[in-house]
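Heads up: the structure comes next, in structure tokens.
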Ligand SMILES: Cc1ncc(C[n+]2csc(CCOP(=O)(O)OP(=O)(O)O)c2C)c(N)n1
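And the structure:
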């Protein structure tokens with residue numbers, strides 16, 4: 013395979029992109045809730061102190077304040093950890109932001125199990141489901157730093173509420189940053205099987221696809237960073253062309269991208285779909301990457317599920 | 005503050021115990037490579053006084069129904085509570101170094117499912133005090149003598165749910181409830197007063213119908229006197245505003261919010277242990 017990918021921080025990419033947005037849009041407001049060092053909004057705060065508010069430990073009200081600013085005509089970015097943005101503040105996101113169609117971009121860091129040692133209270137694996145269920149909400153789950161950067165700009169261009177989920181951990185760079193809302197990125201072409209992945213698991217999808225190629229199996233890899241709106245044509249094309257879809261997400265399989273893919277193919281072009289993600293469990297403390305293995309997202313498990321799909325399609329014994 | 009006379013040797017033994025707990029906190033966060041030393045060290049004397057003088061609890065019968073309850077609403081101070089529980093005989097000291105490791109009972113934020121001696125799982129701020137109100141209501145309804153103590157952070161006092169719960173405690177006149185504020189002055193990103201001021205905090209508690217005491221949270225005589233006074237209040241809850249120092253006991257951590265959520269390096273941990281009268285290596289104790 014190619015040289016090992018660069019590993020870059022999605023949070024740093026976000027912080028840098030915000031600085032550029034602050035230059036471009038002199039009315040842009042950024043809010044944070046006492047986690048500005050971790051989310052990197054502190055960079056914006058240092059450069060544009062008049063347009064930055066660290067409101068303290070009050071995530072629900074931060075969302076209402078953000079909506080208030082936006083109802084007066086400003087674009088607002090609000091950041092905190094995903095468990096507080098999507099969990100703690102849910103109904104404030106729902107009413108203040110979404111019901112009002114406020115132009116608020118929630119960029120949530122520390123999504124998923126990769127939060128690591130802080131443990132299950134902080135590892136939200138339900139946020140994609142919560143956010144994509146909100147009418148009018150755009151939901152983006154970048155797989156790497158270039159996509160995090162591109163998504164930060166892209167949500168500014170698109171009027172209305174958005175939720176961008178970033179990881180605490182740095183991730184291997186797997187895209188060229190040509191992210192577009194509503195488009196799936198085909199990171200590898202293939203005809204025997206499709207792997208649809210988001211976030212930290214896109215890199216694992218590519219690794220497994222590479223291994224399968226060595227034994228003559230051709231795997232298409234779709235990065236579904238734009239979870240809502242999502243690229244239904246690309247998904248149905250994959251169903252038609254490859255006849256089987258494996259979904260990888262660092263999120264609960266009950267409500268995440270796997271559920272979306274299964275429902276969409278089931279209604280339009282039924283093919284076997286298998287979901288690799290977090291089972292119906294809370295996370296726990298541990299080293300971040302070890303947790304992915306422990307909760308059923310190891311490469312071995314991904315290979316097994318891929319094999320099972322290929323077997324179902326009669327492509328292997 | 006009118007205090008019962010606490011003998012000097014009792015104070016000395018509490019101070020020695022607290023120093024041991026602080027040494028555990030440094031070893032634990034160093035071994036974990038992450039965690040929250042600042043707010044653990046500020047709360048250490050309060051937890052020591054609670055577990056060694058105030059709470060009616062029994063390591064032989066951790067689920068004794070009539071025991072007093074301690075809810076760590078600022079659940080990130082988990083290392084301080086684990087170390088105190090170990091010193092009090094509720095868990096083996098050897099287990100302390102498993103903090104935050106895969107499979108450990110000592111989760112990054114206190115977890116009742118993994119470690120049943122924890123009265124309530126916390127970590128997301130603003131919820132522990134509400135659970136304490138529920139427990140205090142239950143004690144009253146069931147006619148149990150249990151008292152309920154909730155340790156709050158001052159950053160946590162910015163969160164709305166904290167005040168909803170406190171309002172309920174005042175409304176229901178829960179004289180078996182003590183809200184204990186670790187007023188160390190800092191949260192994650194800086195001082196509370198520079199980010200979102202909570203002062204005048206004692207007046208806020210009073211306005212929420214709490215019998216409110218202000219003490220030095222590192223002076224055992226004042227801490228114990230406040231607990232004693234709270235026991236004498238029969239018509240409502242008590243709030244204790246304990247003025248503390250974030251990072252207390254480790255000179256380079258004191259008053260530095262940078263140590264809110266960061267583990268010490270080896271050199272830093274060794275220096276901290278030197279100041280606390282111990283060494284980093286070797287088994288705990
Ligand atoms: C609802 C919620 N928001 C944010 C956090 C992240 N967080 C953990 S500790 C902390 C600061 C808390 O400050 P304080 O209560 O003063 O704690 P202390 O200084 O006593 O450690 C924050 C924002 C959290 N745990 N819960």
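Chains as they are written, first to last, in our numbering: chain A, 13 to 329; chain B, 5 to 289. Where is the CB? At the ideal position from N, CA and C, for every residue including glycine.
For residue 244/B, the secondary structure class from DSSP, reduced to helix, strand or coil, is strand. Here residue 179/A carries a coil assignment [DSSP, helix/strand/coil]. According to the DSSP assignment, residue 207/A belongs to no alpha helix (DSSP H) but to the beta strand (DSSP E) extending over 205–209. Below the 7 angstroms Cβ cutoff, chain B contributes no neighbours of residue 61/A, its closest Cβ being approximately 12 angstroms away. Residue pairing for residue 234/A: DSSP places it in a beta bridge opposite 198/A, 208/A. For the C-beta of residue 270/B, not a single chain A residue is nearer than 9 angstroms; the gap to the nearest is close to 18 angstroms. Listed along chain B, the residues sitting closer than 7 angstroms to residue 130/A by beta-carbon distance are 112, 113. Chain B has no Cβ within less than 9 angstroms of the Cβ of residue 312/A. With 16 or more other Cβ atoms inside 10 Å of its own Cβ, residue 39/B counts as buried. Inter-residue distance for residue 238/B and residue 42/B is about 35 angstroms (C-alpha atoms, whole angstroms). Three or more beta-carbon pairs drawn from the segment 122–134 of chain B and the segment 155–162 of chain B are found closer than 8 angstroms, and the two stretches are therefore classed as touching. If only complete runs of 4 or more residues are kept, the segment 125–152 of chain B shows the alpha helix (DSSP H) at 132–146, in order along the chain. Judged by DSSP in its simplified three-state form, residue 30/B adopts helix. Taking a cut-off of 8 angstroms for Cβ pairs, the segment 200–209 of chain A and the segment 36–52 of chain A do not touch, as fewer than three such pairs fall below it.
Under the DSSP assignment, residue 76/A falls outside any beta strand (DSSP E), being part of the alpha helix (DSSP H) whose first and last residues are 71–83. If you check the C-beta of residue 38/B against ligand 1, you find no heavy atom less than 8 angstroms away. When the beta-carbon positions are compared, residue 197/A and residue 185/A stay at least 9 angstroms from each other.
In the three-state scheme derived from DSSP, where H, G and I count as helix and E and B as strand, residue 186/B is classed as strand. Its Cα nearest to that of residue 23/A, the residue 121/A stands out among 121/A, 82/A, 246/A.
Taking residue 289/A as reference, the option from 180/A, 275/A, 309/A with the minimal CA-CA separation is 309/A. Looking from the CA of residue 70/B, the closest CA among 219/B, 54/B, 146/B belongs to 146/B. When only Cα atoms are considered, residue 265/A and residue 14/B end up about 55 angstroms apart. Rounded to the nearest angstrom, the gap between the Cα atoms of residue 252/B and residue 62/A is 34 angstroms.
For residue 65/A, the CB stays at least 8 angstroms from every heavy atom of ligand 1.
Neighbourhood of residue 136/B in chain A, by CB distance below 7 angstroms: empty, with the nearest CB roughly 17 angstroms away. C-alpha of residue 135/A to C-alpha of residue 9/B: approximately 47 angstroms in a straight line.
Taking CB atoms only, residue 66/A has a neighbour in chain B less than 9 angstroms away. Taken through DSSP and simplified to helix, strand or coil, residue 105/B comes out as coil. Counting the other Cβ atoms within 10 Å of the Cβ of residue 293/A gives fewer than 16, which makes it exposed. Residues of the segment 153–177 of chain B that bring their beta carbon within less than 7 angstroms of a beta carbon in chain A comprise 159, 160, 162, 163, 164, in sequence order. Residue 309/A has a beta carbon lying at 9 angstroms or more from every beta carbon in chain B. Bridge pairing for residue 215/B: 242/B [DSSP]. At least one CB of chain A lies nearer than 9 angstroms to the CB of residue 199/B. Judged by DSSP in its simplified three-state form, residue 75/B adopts strand. Closer than 8 angstroms at the C-beta level to chain A, one finds no residue of the segment 223–256 of chain B. Per DSSP, residue 42/A is one residue of the beta strand (DSSP E) stretching across 41–44.
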